[in-house]
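If you read the sequences in order, they're chains W and E. If you're matching positions, the first sequence starts at -2 in my numbering and goes up one per residue. If you're matching positions, the second sequence starts at 301 in my numbering and goes up one per residue.
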Amino acid sequence: MSTVVTNPKALVAKARRLPPELSILFVLLGIAVIFEVLGWIFNGQSFLFNSQRLVIMILQVSVIGLLAIGVTQVIITTGIDLSSGSVLALSAMVAASLAQSADVARPVFEGLGGLPVFIPVVAGLLVGTVCGLINGSLIAATGIPPFIATLGMMVTARGLAQYYTHGKPISQLSDSYTAIGAGAMPVMIFLMMAVVFHIALRYTKYGKYTYAIGGNMTAARVSGIDVKRHLITVYTIAGALSGLAGVVASARAASGQSGMGLSYELDAIAAAVIGGVSLAGGVGRITGTVIGALILGMMTSGFTFLGIDAYIQQIVKGVIIVVAVIADTYRSKRKI
Amino acid sequence: MSAVLKDQTSSTMPRAAAGTYLLEAEGIMKGFPGVIALAGVQLKLRPGTVHALMGENGAGKSTLMKIIAGIYQPDEGQIRVKGERVVLHSPLDALQKGIAMIHQELNLVPFTTIAENIWIGREPLNKLGFVDHAELFRRTRELFDRLHIDLDPEEQVQHLSIANRQMVEIAKAVSYDSDVLIMDEPTSAITEKEVEHLFAIIADLKAQGKGIVYITHKMVEVFNIADDISVFRDGHYITTKPASELDRDKLITLMVGRELTQMFPKTTVPLRDVVLDVRSLSRQGVFSGVSFQLRGGEILGFAGLMGAGRTEVAETIYGMYPASGGEIYVNGKRVEIKSPRQAIDAGLALLTEDRKASGLFLVLPVLENMEIASLPGFLGRLGFVRQRTVSEECEKLRQSLRVKTPSLYQIIENLSGGNQQKALIGRWLLTKPKVLILDEPTRGIDVGAKAEIYKLISELAADGVAIIMISSEMAEIIGMCDRVLVMHDGHVTGELKRDELTQEAILHLASD
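Here it is as structure tokens:
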């Protein structure tokens, strides 16, 4: 705040700042370099130049990344989605139950084995979409805070996921289904969704309306935007992405478990916030969220690589989330 | 009344000797990203005086006040309180050094009592360390007695009118017993009666030797209460003069840096066909039986006191609230308007009364603020916005409206009020409206930008746009309108043609 300004022109020039995403990218690179150095010191090997480790890292990021893409859009409208982890689990259960091989004992839908692969995929997506639609409709129709509406969905969807098989896991999924989670497929799906929604947010009416609603809901309404309908759309999209994440997660694990995606919603929100998405609304981009998710993934990967206790990993992650929000607050304060 | 007060105080008060200022700010510089708010300004406040700070919006008055109140820290420059150099790190810091500020935005906690609000953070405690409420209320009563404020200290703030909340803010600032009081547009939300009350309080404070820095847009007030006047322009210090050496015209010239030859450039244009025909429009419990016709090229004013129902009529026509009765015709065709979108599609546009609350997307760039209402008209395949076309249209409007901004990508929050308003007018012009409804189009905007907006309104009328102008400023209603409907208590009480427009005639219809 107290920088000395001698030349007024210099100040105006300073205003044309680099996009905030770039500074987050530097943070990501900085963390990578730190792990690289520590790797050579303590483990005598490279952290970054190990393709296997990088693949695992990005794979782990993919599922949470899908949730984060959805919650980013929700947060831009000044909302929040706490239900994404639970919706993931419910979608995974429903999709997995329809994806089992032909000759397996089945907890639900006995005799419905060996279905073509698109049926479980569509079912998983549909479950997520319906959950999102319910979230959005509740918020738009009753005006209850998104925090409460999605908190309700979080508990309900988790309960449904458990009730569905009374807690039994669903395993022995068909090869064509597990192929969705094999190799680099999850990464491809994640990146494709990131590109699609990055473009949608920046260049389409949908995106512009999303930012406008987050910027000022009343002004958005006066400007001819059907705010309620648009909010329903945004939450539905977020739900569909959670459904997709459920499909990907169950395919990768080759099973459906009701405990899947536990507290993933918080990691997704953290990724968005670290990526510069403002909880005050109207600000944030998918690129930032993707980098934010990578930062979280790299922390996990790096700590495991260095053999640091899992509990300590949690502690550090918590600190990083708070630091990111402090940085964001500081950034927006300077903008006054 | 106030003129009398001023004479009394200036004759009884000892004039400050040179060098004994209550407050001196010198060489203050402050920059925000993209904007130089202050480029080396000064302010010297004598004890026992009211020092008015004048300038257009964006001149830097509020920024300097926030620096003096410790809210912002200056990039350069120094502040002295009673000759002693100080650095103010926070509002608390400023309070401890004897500087209190009455904020333009009200900062009270609604669900607590008046007394708790006033003494927040310095409540009297009993032996057990709990708040001593009896003492709290007693002190508040004492303060109110001294200031002749007739409010119950135990009342919750949420039940108070805006005007009474403002009085509580004033009492709170006085309660700190500071030497320097900063008042940023203290009269913007209070009625005539309370203004007199405030001026009496100010006279009393002056008599105690306190200094008051006073910011206002109202010329009449300045010459009523100010002893000294400092003028800022575009972040620069222009001059300081005793109020007695200035008059309204001289002051305006100093503020805008040029002569304002014609404030209201209303031209007579031929009226075209009836564009908007409203027939006995009603909204249950708010207004009823509002009928009028509006022709292309015509400027129709809506005058009346606050709460007369003018804004509500506009919002109902525009589809923000359902009407309980009546019909609307646009170009002779009956229209059903149930949402702002339908209103825009029917050729209506509404510049709302409260720029910040219902107009601006503060965190978004100028471009996004301008294009938002017209996007459905600029769509390509798959809902993609034809961005280059929209940006070009916005850029054209930015130039013709003379919106001062480094670029369309500047966050609109960084623009001055006048430029924000011009960008919002741009938003509506982009929708190519047949009827443009302007609700308080120049509220909180400086003189120079006002004149530009009036000119723009005249040009739009000349182009055949039908204009409804809702305004509480008599001067602009009289100066700009072809015809005026006056409302009182939800009814249209009369219609005045341009040659019948006088302040008296309007006031007569606007009150019981």
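C-beta atoms are modelled at their ideal positions from N, C-alpha and C, and glycine is treated no differently.
At the level of alpha carbons, what is the spacing between residue i and residue j?
i	j	result
L594(E)	E356(E)	34 Å
L51(W)	L293(W)	13 Å
Q342(E)	A191(W)	52 Å
A197(W)	T75(W)	18 Å
I271(W)	P143(W)	21 Å
A290(W)	D375(E)	37 Å
V531(E)	Y537(E)	6 Å
Y308(W)	F302(W)	15 Å
A321(W)	R438(E)	47 Å
E455(E)	K330(E)	41 Å
K797(E)	K541(E)	42 Å
M483(E)	K366(E)	11 Å
R681(E)	S255(W)	41 Å
A89(W)	D306(W)	30 Å
T312(E)	P347(E)	Below a pLDDT of 50, predicted positions are generally treated as unreliable, and T312(E), at 37, falls in that range; no measurement from the model is reported.
S707(E)	V666(E)	8 Å
A246(W)	I38(W)	35 Å
R380(E)	G327(E)	12 Å
Taking buried to mean at least 16 other C-beta atoms within 10 Å of its own C-beta, is residue i buried or exposed?
i	result
L19(W)	exposed
G304(W)	exposed
I318(W)	buried
A359(E)	buried
H163(W)	exposed
E740(E)	buried
K638(E)	exposed
W419(E)	buried
I167(W)	buried
I462(E)	exposed
D78(W)	buried
A657(E)	exposed
P410(E)	exposed
T349(E)	buried
Check the Cβ of residue i against every Cβ in chain W and list those closer than 7 Å, keeping chain order.
i	result
L353(E)	Ordered by position in chain W, no residue passes the 7 Å Cβ test against L353(E), which lies about 20 Å from the chain.
R641(E)	G221 and D223
I644(E)	G221
Might you give, ordered along the chain, the residues of its own chain that have their beta carbon closer than 8 Å to the beta carbon of residue i, omitting 5 neighbours on each side?
i	result
G728(E)	The sequence given here has Trp at residue 728(E), not Gly. Closer than 8 Å at Cβ, skipping near neighbours: A649, L650, L651, A673 and L736.
A810(E)	A603, G604, L605, A608, V786, M787, H788 and T793
I757(E)	I599, L738, P741, I767, M769 and M780
H389(E)	G370 and Q373
I21(W)	I271, G272, G273, G285, I288, G289 and I292
E485(E)	Q404, I515, T516 and H517
K550(E)	none
I53(W)	S298
P424(E)	V431, D432, E435, L436 and R439
Q159(W)	S255
Determine the chain E residues that contact residue i at a beta-carbon separation under 9 Å, and present them in chain order.
i	result
N213(W)	K656, A657, S658, G659, L660, F661, L662, V663 and L664
R218(W)	M620, S639, P640 and S658
Which bits of chain E does residue i rub up against, with CB to CB less than 7 Å?
i	result
V280(W)	V663
K205(W)	E668, I672, L675 and V685
Quick one: which chain W residues come within Cβ less than 9 Å of residue i?
i	result
L679(E)	T201 and K202
L650(E)	V219
With a CB to CB cut of under 7 Å and the five nearest residues on each side skipped, what residues in its chain are close to residue i?
i	result
E225(W)	It is worth fixing the name first, because residue 225(W) is Lys in this sequence and not Glu. Counting only Cβ-Cβ distances below 7 Å, and skipping sequence neighbours, we find A137.
K750(E)	T742
V556(E)	E356, V747 and G748
N4(W)	No answer about N4(W) holds up, because its pLDDT of 40 lies below 50 and its placement is not dependable.
Note down, in chain order, every chain E residue with its Cβ under 8 Å from the Cβ of residue i.
i	result
Y208(W)	F661, L664 and E668
By Cβ distance below 6 Å, which residues in the same chain neighbour residue i in space, the five residues on each side in sequence not counted?
i	result
F300(W)	Q310
Q803(E)	M774
H351(E)	L345, V513 and D528
S475(E)	I418 and L443
T705(E)	V666 and L715
Ordered list of alpha helix (DSSP H) runs contained in the region 152 to 198 of chain W, each at least 4 residues: 172 to 175
Complete alpha helix (DSSP H) runs within the region 524 to 564 of chain E (minimum length 4 residues, chain order): List check, alpha helix (DSSP H) in window: 548 to 556.
Beta strand (DSSP E) runs contained entirely in the region 80 to 140 of chain W, provided each spans 3 or more residues: none
Secondary structure, beta strand (DSSP E): runs of 3+ residues fully inside the region 691 to 757 of chain E: 735 to 739
Ranges of the beta strand (DSSP E) found wholly within the region 587 to 640 of chain E, counting only runs of at least 3: 587 to 595, 599 to 604, 625 to 630 and 633 to 635
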